[in-house]
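Novice: Just dropping this structure here.
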Amino acid sequence: MTGIYATIEGGKFRSILEAMLEADVSIEDKESTAMLVWHDSLRECDFFGPLKPWQIVNRIPSINIICRKCPYTRVIMRMQPHFPNLYNFLPKSYILPIQLKDFLHELQTSGQTYIYKPDGGSKGVEILIFKSGEKFEVPHESSLAVAQQYIDSYLIDGTKFDLRLYVLIASIEPLRIYVYRNGLARFCSEKFETGTAFSQLTNVSLNSENPDCDISEISQLVSDIFPRMEAMGVDVNAVWERIDNAIVSTVIAAHEFLVRSEEIYCPKTGYSRCFHLLGFDVLLDRNLNPWILEVNNRPSLDYYRGKERRMKVGAIRDAIKICCPLHHAQMALAARKWAWDKDSWLQFVKETPSLIENMELTRSDVEKNTLFHLVYPSNHPNAKEWEKALEMTRSMPLELLPGMKLPESILKTLKYVF
Numbered sequence: 000m001t002g003i004y005a006t007i008e009g010g011k012f013r014s015i016l017e018a019m020l021e022a023d024v025s026i027e028d029k030e031s032t033a034m035l036v037w038h039d040s041l042r043e044c045d046f047f048g049p050l051k052p053w054q055i056v057n058r059i060p061s062i063n064i065i066c067r068k069c070p071y072t073r074v075i076m077r078m079q080p081h082f083p084n085l086y087n088f089l090p091k092s093y094i095l096p097i098q099l100k101d102f103l104h105e106l107q108t109s110g111q112t113y114i115y116k117p118d119g120g121s122k123g124v125e126i127l128i129f130k131s132g133e134k135f136e137v138p139h140e141s142s143l144a145v146a147q148q149y150i151d152s153y154l155i156d157g158t159k160f161d162l163r164l165y166v167l168i169a170s171i172e173p174l175r176i177y178v179y180r181n182g183l184a185r186f187c188s189e190k191f192e193t194g195t196a197f198s199q200l201t202n203v204s205l206n207s208e209n210p211d212c213d214i215s216e217i218s219q220l221v222s223d224i225f226p227r228m229e230a231m232g233v234d235v236n237a238v239w240e241r242i243d244n245a246i247v248s249t250v251i252a253a254h255e256f257l258v259r260s261e262e263i264y265c266p267k268t269g270y271s272r273c274f275h276l277l278g279f280d281v282l283l284d285r286n287l288n289p290w291i292l293e294v295n296n297r298p299s300l301d302y303y304r305g306k307e308r309r310m311k312v313g314a315i316r317d318a319i320k321i322c323c324p325l326h327h328a329q330m331a332l333a334a335r336k337w338a339w340d341k342d343s344w345l346q347f348v349k350e351t352p353s354l355i356e357n358m359e360l361t362r363s364d365v366e367k368n369t370l371f372h373l374v375y376p377s378n379h380p381n382a383k384e385w386e387k388a389l390e391m392t393r394s395m396p397l398e399l400l401p402g403m404k405l406p407e408s409i410l411k412t413l414k415y416v417f
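Reading the sequence shown from the start, the letters are residues 0 to 417 in numbering that gives the first Met the number 0.
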């Protein structure tokens with residue numbers, strides 16, 4: 000793929016610049032004919048209003064439905080009674096303060112350990128771990144948070160770890176999801192038996208504060224860890240299959256919200272114009288079942304060492320090549336630089352079916368040489384159940400979700416559940 004122009008908004012990770020170079024993408028800031036707009040900032044802004052009708056952006060409207068802890072918990076909880084075999088990756092959870100009374104009763108009677116996580120928290124800040132019977136006071140009574148049953152982790156060398164996996168939603172309608180067959184294995188910096196925060200929370204930012212921390216030990220590659228697990232008798236393919244189910248089922252749970260938001264904010268012009276590279280944090284329990292801890296809408300793409308650099312640059316490069324294979328469209332834009340508007344572009348796409356055909360052919364070629372594995376649509380054993388779940392989300396009433404901002408036109412049609 001050659002000849003694509005891109006503009007980058009916000010700070011620029013080194014890995015983004017390197018990936019665009021490898022993908023033959025030219026960075027042309029303020030270039031209105033650029034096919035790709037890449038946002039690389041934590042700051043919330045209008046990602047979609049300024050887009051030209053031909054542009055593709057690395058943001059999906061309302062994706063925070065699964066990237067904030069409270070709305071994510073709610074959309075999964077409402078699917079669990081209907082598809083318990085699909086939605087078995089969310090620990091028993093309570094949305095606070097809405098379900099505080101129920102949670103306090105559970106806390107006093109269950110004999111379990113729980114973890115408290117602020118709705119919009121990151122980097123391990125204000126995460127609390129406590130046991131049944133202990134006194135619990137909500138740190139901020141009016142602030143949204145999730146309390147969940149604590150899951151006992153699969154350990155390697157007596158140390159807890161989780162996985163940061165990279166998931167590419169290439170389009171919403173039709174739904175197309177890829178899971179990168181590499182990622183980060185994030186280890187605690189102390190043995191689990193010590194019982195400290197450094198032994199129970201896997202966040203790299205938190206563990207890097209441990210004076211005994213070795214970054215090469217706490218941040219390793221999945222491609223290094225899974226072969227070790229396989230040598231210990233673990234069926235790694237089965238683990239990936241269960242992880243794929245959790246990821247696809249998560250996106251399906253929010254699908255109708257995302258479809259409606261895309262129609263409003265980023266409608267198609269013959270092809271999907273928004274995609275998102277997400278970071279799924281996955282914990283493997285002692286039976287090697289995956290539990291999704293959270294979903295990150297802007298996973299850190301910085302790197303600490305060479306192996307991590309190659310992995311992240313490769314993931315970003317291939318995400319761009321899969322989601323923006325429009326070099327023929329870019330050439331057309333450049334040829335008539337000042338002659339395009341919405342109507343003329345829509346007419347051009349309509350009259351040039353080869354544009355979409357070439358896009359599909361290019362994407363197909365990329366898929367043959369990437370670690371991104373197409374998991375939806377696919378022949379996964381749960382594929383038929385996914386279709387049933389997807390159909391149900393289309394018929395389920397949309398709800399007001401705690402902590403979630405949705406388009407005004409959608410809000411008028413919603414109901415509140417709690």
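Cβ atoms here follow ideal geometry from the backbone N, Cα and C, with glycine treated the same way.
(1) Looking at C-alpha atoms only, which residue of 316, 347, 250 is the closest neighbour of residue 362?
(2) Would a C-beta distance cut-off of 9 angstroms place residue 55 and residue 36 closer than the cut-off?
(3) Count the other C-beta atoms from every protein chain shown that fall within 10 angstroms of the C-beta of residue 290, then say buried if there are 16 or more, exposed otherwise.
(4) For residue 415, count neighbouring Cβ atoms within 10 angstroms of its own Cβ and tell me buried if that reaches 16, exposed if not.
(5) Could you compute how far the alpha carbon of residue 81 sits from the alpha carbon of residue 248?
(6) Among 61, 266, 299, whose alpha-carbon lies nearest the alpha-carbon of residue 40?
(7) So does the region 155–163 actually touch the region 214–228, counting three or more Cβ pairs closer than 8 angstroms?
(8) Are at least three pairs of beta-carbons, each pair with one atom in the region 312–331 and one in the region 366–373, less than 8 angstroms apart?
(9) Alpha carbon to alpha carbon, what distance is there between residue 97 and residue 417?
(10) State the DSSP-derived secondary structure class of residue 116, mapped to helix, strand or coil.
(11) List the endpoints of the continuous alpha helix (DSSP H) containing residue 96.
(12) Less than 9 angstroms between the C-beta atoms of residue 306 and residue 223, yes or no?
(13) Is the beta carbon of residue 198 closer than 9 angstroms to that of residue 189?
(14) Compute the Euclidean distance between the alpha carbons of residue 374 and residue 384, then round it to the nearest angstrom.
(15) Assuming residue 221 is part of the beta strand (DSSP E), what are its boundary residues?
(16) Residue 22 and residue 320 look like a contact to me (Cβ under 8 angstroms); what is the Cβ gap, rounded to whole Å?
(17) Note down the Cα distance separating residue 196 from residue 129, rounded to an integer number of angstroms.
(18) Compute the distance between the beta-carbons of residue 92 and residue 76, then report whether it is under 9 angstroms.
(19) Go through its chain and collect everything with a Cβ distance to residue 388's Cβ below 8 angstroms, but skip five positions before and after it.
Specialist: Taking the definition as stated:
(1) Here residue 362 refers to the residue found at position 363 of the sequence shown. Minimum Cα distance to residue 362 is reached at 316.
(2) Here residue 55 refers to the residue found at position 56 of the sequence shown. Here residue 36 refers to the residue found at position 37 of the sequence shown. Going by C-beta atoms, residue 55 is nearer than 9 angstroms to residue 36.
(3) Taking the sequence shown and counting its residues from 1, the one referred to as residue 290 is at position 291. It is buried - the Cβ of residue 290 has at least 16 other Cβ atoms within 10 Å.
(4) Residue 415 sits at position 416 when you count from the first residue of the sequence shown. Confidence at residue 415 is low in this model, with a pLDDT of 46, below 50, so its placement is unreliable and no value can be given for it.
(5) Walking along the sequence shown from the start, residue 81 turns up at place 82. Walking along the sequence shown from the start, residue 248 turns up at place 249. Cα-Cα distance, rounded: 12 angstroms.
(6) Here residue 40 refers to the residue found at position 41 of the sequence shown. A check of alpha carbon separations from residue 40 across 61, 266, 299 identifies 299 as the nearest.
(7) yes
(8) yes
(9) Indexing the sequence shown from 1 puts residue 417 at position 418. Indexing the sequence shown from 1 puts residue 97 at position 98. Caution is warranted here: a pLDDT of 48 is assigned to residue 417, below 50, making its placement in the model unreliable, and no coordinate value can be reported.
(10) Locating residue 116 in the sequence shown gives position 117, counting from the first residue. Strand.
(11) Indexing the sequence shown from 1 puts residue 96 at position 97. Looking at the DSSP string, residue 96 is not in any alpha helix (DSSP H), and its letter there is neither H nor E.
(12) Taking the first residue of the sequence shown as position 1, residue 306 is located at position 307. Taking the first residue of the sequence shown as position 1, residue 223 is located at position 224. Result yes, Cβ atoms of residue 306 and residue 223 sit closer than 9 angstroms.
(13) On the sequence shown, residue 189 is found 190 positions in, with the first residue counted as 1. On the sequence shown, residue 198 is found 199 positions in, with the first residue counted as 1. It is a contact, given that the beta carbons lie within the stated cut-off.
(14) Counted from its first residue, the sequence shown places residue 374 at position 375. Counted from its first residue, the sequence shown places residue 384 at position 385. Spanning the two alpha carbons is a distance of roughly 14 angstroms.
(15) If you number the sequence shown from 1, residue 221 lands on position 222. Per DSSP, residue 221 belongs to no beta strand (DSSP E); it is in the alpha helix (DSSP H), 221–230.
(16) Locating residue 22 in the sequence shown gives position 23, where the first residue counts as 1. Locating residue 320 in the sequence shown gives position 321, where the first residue counts as 1. The pair is a contact, with the Cβ atoms about 5 angstroms apart (cut-off 8 angstroms).
(17) Here residue 196 refers to the residue found at position 197 when the sequence shown is read from its first residue. Here residue 129 refers to the residue found at position 130 when the sequence shown is read from its first residue. When rounded, the distance between both Cα atoms is 12 angstroms.
(18) Counting from one through the sequence shown, the residue named residue 92 turns up at place 93. Counting from one through the sequence shown, the residue named residue 76 turns up at place 77. Cβ atoms of residue 92 and residue 76: closer than 9 angstroms.
(19) Here the question's residue 388 lines up with position 389 in the sequence shown. Cβ within range, chain order: 78, 81, 82, 85, 248, 251, 252.
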